[in-house]
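K.L.:
Residue numbers (my numbering), protein chains in the order written: chain A, 1 to 450; chain B, 1001 to 1431.
Backbone N, C-alpha and C fix where the C-beta goes; we use that ideal spot for every residue, glycine too.
Computed from a predicted model, the values in this text were never measured in an experiment.
Structure in structure tokens, see below.
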């Protein structure tokens, strides 16, 4: 059922017996809970028919939504109704972890403050994922992924000198914060299980997550007085900009040639990164290029000399690479001991990249209502086996009746009444929110978080 | 041949026990190269005791920039600092029998052996294989650029080539470069190590939980940086799989199959600002119009046609033009505060350095301060959440990035070596 024929995968049961009540939506929160689901937790995604996860209405619709929500169950409820609220209280009482990604204060305004969650489930782990966090002067501020990236310093760290920031090309902080939240949630489960229990609060902030990845820049400013708005920073794709009074680059590596070069093919796709980190590697690259006369200049023998001559070097190297296919270039350079890698698109990572294929990073799965497609795995291997994500996704409301019956012990008549009265099913006048129809919109609109 | 090196008797012994955090009591022995160093830092932040075993020359990341100029070129690496706070360091000569014996004893005490396997190796293949045999109960976590079973296994790695191959550079960049070429851009930083590191930690904790329920011995965890990056590009992969569309780079905003309005605007103080127009619903547009109107800068946006959401979407480039002119005359911080007061999801494009004085982050206690001989008194980024106590809340903890071999004495005492044994290592110029 799961994956390709020669792929070795196994379902993971590390979180077996852990129940997660999942109020998250958009990207960051669901990324956290999809990891928990892949590790064997029972994740119940809670939505209302009037305000479903906005990703259900995105252009790539069901597929994109399913990719973010693999292995979760779907429970629908009108949280604002008295009976709906009571059902949620009962679900909290049965849960070990509650995760949400609403704006700060929203869940509490529904009557589910941390204190209330603890009263209902004494060892609960309450995880929230927001831009600024649930405390501090900016706690109520509205953010999406790009907002948090801008504020955190991440956006500024990407770009060419003298140009506006290039930023991150998508809400990277949604993805990374989702993983970060999953890691701390797992640690909290470890604490509750083995280190004396008690309820835990994990108030994750995307801005803090972004800044925690820029430690060397923070230290550079303090210890060297580095001004990150100086000319030459950030240095585009280079390790350092020529003439920049550098203290050694901000990528943890220094060298030249060092950059992204055009290769044979369409301008949109045809680029290859080359990173020469030592004099020996320069001699190897030079040999690959046929030891041209310009490259034999003694001025280029040292890293310092090559950094000073980057304009000329990059032009010359680019004149050589533009005649070669990027994958051929990688083979050639790798064989010679030069660090290189084509700039790969989504299509190329899925259809061309031999390493990702061999490791089944995008395994094929057959899902109800969606059919057979490739999805993003959680790329962790345990004893050499890929973690097999459960081949299911939360079809809107599909698990509501089962959860009411099996978890809360409600009789069938009561389940039917709650549905008929619009407590757990869509109101008679409501529009369908089942995520199978695409609404054409810019893809950007689906890549938000709250 | 000396087995242990460093300057352990010149600096005060650092605290090993009593670390606060959800993984307190867990012992991690970190060996190898640089690609798994962030995983070690994160485990340390969670309260685990992370003992970094280095060669006598030190971890390769000590030799990479940026450097603290005041400490002398190549003495204090800031990328090393960023990836190694919370750890203890012991430097061992693994060519000597004494060094091997000490490593074996360390691994014997470990719950987790974290091994980075990149092209700058501390361990040869044989020794790496022995680590698992030395302690079958320890979780062996291997972090490498491409993974053990990959056609690219053992291939050369760098931060730049990793983010190119992994897909980040393919979606970040410019669509309006004066050269006419849509250049991809690789953001600066140590991002392949962060992406792989957080997944390695997820795998390790999952196995710490599993270890207590399963009868069998500990299992291994393996993460490839390339795999981790490849699943981190949000819309790029699903767009190809489900819509058969490739996304294209757009300056400062999401890559997409179609174009989107420019949302990076320049403010009067020279800073750029993210004036995010996504989800510009009726309420948000009314707020924007009210704000611009109150300062006579609304242009033609009060035209009734903009009340229609579809028209707004279609004419968003024009709306953002008006917004851009408005922001150009104002200070980015003032715009930020007023935009947020009006519930618009805007923010200034800060540098990491500017955030050191950020009132919100200070209020949340995000930053942690520490003084060390190598780095001096510095503020470090702390953990990305508030609530559950993490290691920085340990009283009297010196979590600074370790000097090479700084903690040898403390680690040897903790291993149970007698004062005589430690002295004999010192006399042999081993520590």
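Would the segment 222 to 234 of chain A count as touching the segment 1161 to 1172 of chain B if we require 3 or more Cβ pairs under 8 Å?
P.N.:
No, they do not touch.
K.L.:
List the residues that DSSP assigns as beta-bridge partners of residue 1432(B).
P.N.:
Past the edges of chain B, shown from 1001 to 1431, lies residue 1432(B), and the structure says nothing about it.
K.L.:
What are the boundary residues of the beta strand (DSSP E) that includes residue 1222(B)?
P.N.:
Taken as a continuous stretch (DSSP letters only), the beta strand (DSSP E) holding residue 1222(B) covers 1220 to 1224.
K.L.:
DSSP has residue 208(A) in a bridge; who is on the other side?
P.N.:
Note: residue 208(A) sits in no beta bridge, so no partner.
K.L.:
My understanding is that residue 70(A) touches residue 38(A), with C-beta atoms under 8 Å, so please give their C-beta distance in whole angstroms.
P.N.:
Right, the Cβ-Cβ distance comes to about 7 Å (below 8 Å), so this counts as a contact.
K.L.:
Can you give me the C-alpha to C-alpha distance between residue 1(A) and residue 73(A), rounded to a whole angstrom?
P.N.:
In this prediction, residue 1(A) has a pLDDT of 35, which is less than 50 and means its spatial position is unreliable; what the coordinates show is noted afterwards. Whole-angstrom Cα-Cα distance: 19 Å.
K.L.:
In chain order, which beta strand (DSSP E) runs of at least 3 residues are fully inside the segment 1349 to 1414 of chain B?
P.N.:
List check, beta strand (DSSP E) in window: 1367 to 1372, 1376 to 1381, 1385 to 1387.
K.L.:
What residue from 1360(B), 1340(B), 1281(B), 1268(B) has the CA that sits closest to residue 1332(B)'s CA?
P.N.:
Checking every option, the nearest Cα to that of residue 1332(B) belongs to 1268(B).
K.L.:
Report the rounded CA-to-CA distance for residue 127(A) versus residue 118(A), giving the unit in angstroms.
P.N.:
Going by the C-alpha atoms only, they are around 12 Å apart.
K.L.:
Just checking, does the segment 6 to 16 of chain A make contact with the segment 155 to 173 of chain A on the three C-beta pairs under 8 Å criterion?
P.N.:
The segment 6 to 16 of chain A, when compared against the segment 155 to 173 of chain A, does not touch it at the 8 Å Cβ threshold.
K.L.:
Could you give the distance in angstroms between the alpha-carbon of residue 179(A) and the alpha-carbon of residue 35(A)?
P.N.:
Between residue 179(A) and residue 35(A), the C-alpha separation is close to 8 Å.
K.L.:
Quick one: Cα of residue 32(A) to Cα of residue 182(A), how far?
P.N.:
When rounded, the distance between both Cα atoms is 5 Å.
K.L.:
If I measure Cβ to Cβ from residue 203(A) and keep anything under 6 Å in the same chain, skipping five residues before and after, which residues do I get?
P.N.:
Same-chain partners within the cutoff: 128, 133, 134.
K.L.:
Just the chain B side, please: which residues come within less than 7 Å of residue 327(A) by C-beta, in chain order?
P.N.:
Neighbours of residue 327(A) on chain B: none; closest Cβ ~11 Å, over 7 Å.
K.L.:
Are residue 302(A) and residue 279(A) touching if we call contact CB-CB under 8 Å?
P.N.:
It is a contact, given that the beta carbons lie within the stated cut-off.
K.L.:
So residue 44(A) packs on residue 78(A), CB below 8 Å; how close in whole Å?
P.N.:
Contact flag wrong, Cβ pair sits at about 16 Å.
K.L.:
Please name the residue, chosen from 220(A), 375(A), 345(A), 30(A), that lies closest to residue 98(A) on a Cα-to-Cα basis.
P.N.:
Selected option, being the one with the closest Cα: 30(A).
K.L.:
Quick one: what's got a C-beta closer than 6 Å to residue 305(A)'s C-beta in the same chain, skipping five residues either side?
P.N.:
Within the same chain, residue 305(A) has close Cβ partners 299.
K.L.:
In the DSSP assignment, what residue or residues form a beta bridge with residue 365(A)?
P.N.:
Residue 365(A) pairs with 373(A).
K.L.:
Helix, strand or coil, according to DSSP, for residue 310(A) in the structure here?
P.N.:
It is helical.
K.L.:
Closer than 8 Å, CB to CB, is residue 396(A) near chain B or not?
P.N.:
Not an interface residue.
K.L.:
Using DSSP with H/G/I as helix, E/B as strand and the rest coil, what is residue 1169(B)?
P.N.:
Note: residue 1169(B) maps to helix in three-state DSSP.
K.L.:
Using a beta-carbon distance below 8 Å, is residue 72(A) in contact with chain B?
P.N.:
So no, residue 72(A) is outside the interface.
K.L.:
Taking the straight line between their C-alpha atoms, what separation do you get for residue 337(A) and residue 281(A)?
P.N.:
The alpha-carbon atoms of residue 337(A) and residue 281(A) are separated by roughly 7 Å.
K.L.:
Between which two residues does the alpha helix (DSSP H) holding residue 347(A) run?
P.N.:
Taken as a continuous stretch (DSSP letters only), the alpha helix (DSSP H) holding residue 347(A) covers 346 to 351.
K.L.:
Can you grab the Cα-Cα spacing for the pair residue 291(A) / residue 283(A), in whole Å?
P.N.:
Roughly 9 Å between the two C-alpha positions.
K.L.:
Count the CB pairs spanning the segment 1318 to 1334 of chain B and the segment 91 to 110 of chain A that are closer than 8 Å, and state whether there are at least three.
P.N.:
Flag = no, the segment 1318 to 1334 of chain B and the segment 91 to 110 of chain A do not touch.
K.L.:
So, at 7 Å on beta carbons, what are the nonlocal neighbours of residue 1394(B) in its own chain, with the 5 sequence-adjacent residues on each side left out?
P.N.:
Excluding residues within five positions, the ones whose Cβ falls inside 7 Å are 1018, 1019, 1020.
K.L.:
With 16 as the cutoff for other CB atoms within 10 Å, does residue 1311(B) come out buried or exposed?
P.N.:
By the 10 Å Cβ count, residue 1311(B) comes out exposed.
K.L.:
Tell me the DSSP secondary structure of residue 1293(B) in three-state form.
P.N.:
The answer is helix: DSSP assigns residue 1293(B) an H, G or I state.
K.L.:
So which residues of chain A does residue 1363(B) contact, with C-beta pairs closer than 8 Å?
P.N.:
The contacting residues are 135, 136, 137.
K.L.:
Just the C-alpha distance for residue 1382(B) and residue 372(A), rounded to the nearest angstrom, thanks.
P.N.:
Approximately 43 Å between the Cα atoms of the pair.
K.L.:
Buried or exposed: which applies to residue 152(A), given that a residue is buried once 16 or more other Cβ atoms fall within 10 Å of its Cβ?
P.N.:
With 16 or more other Cβ atoms within 10 Å, it is buried.
K.L.:
So which residues on chain B does residue 25(A) lean against when the C-beta distance must stay under 8 Å?
P.N.:
None at all; the shortest Cβ gap to chain B is about 13 Å.
K.L.:
Note down, in chain order, each residue of its chain lying with its Cβ closer than 8 Å to the Cβ of residue 166(A), except the 5 sequence neighbours on either side.
P.N.:
Taken in chain order, the residues that qualify are 158, 159, 160.
K.L.:
Which residue marks the beginning of the alpha helix (DSSP H) containing residue 30(A), and which one marks its end?
P.N.:
Where residue 30(A) is concerned, the enclosing alpha helix (DSSP H) stretches over 28 to 38.
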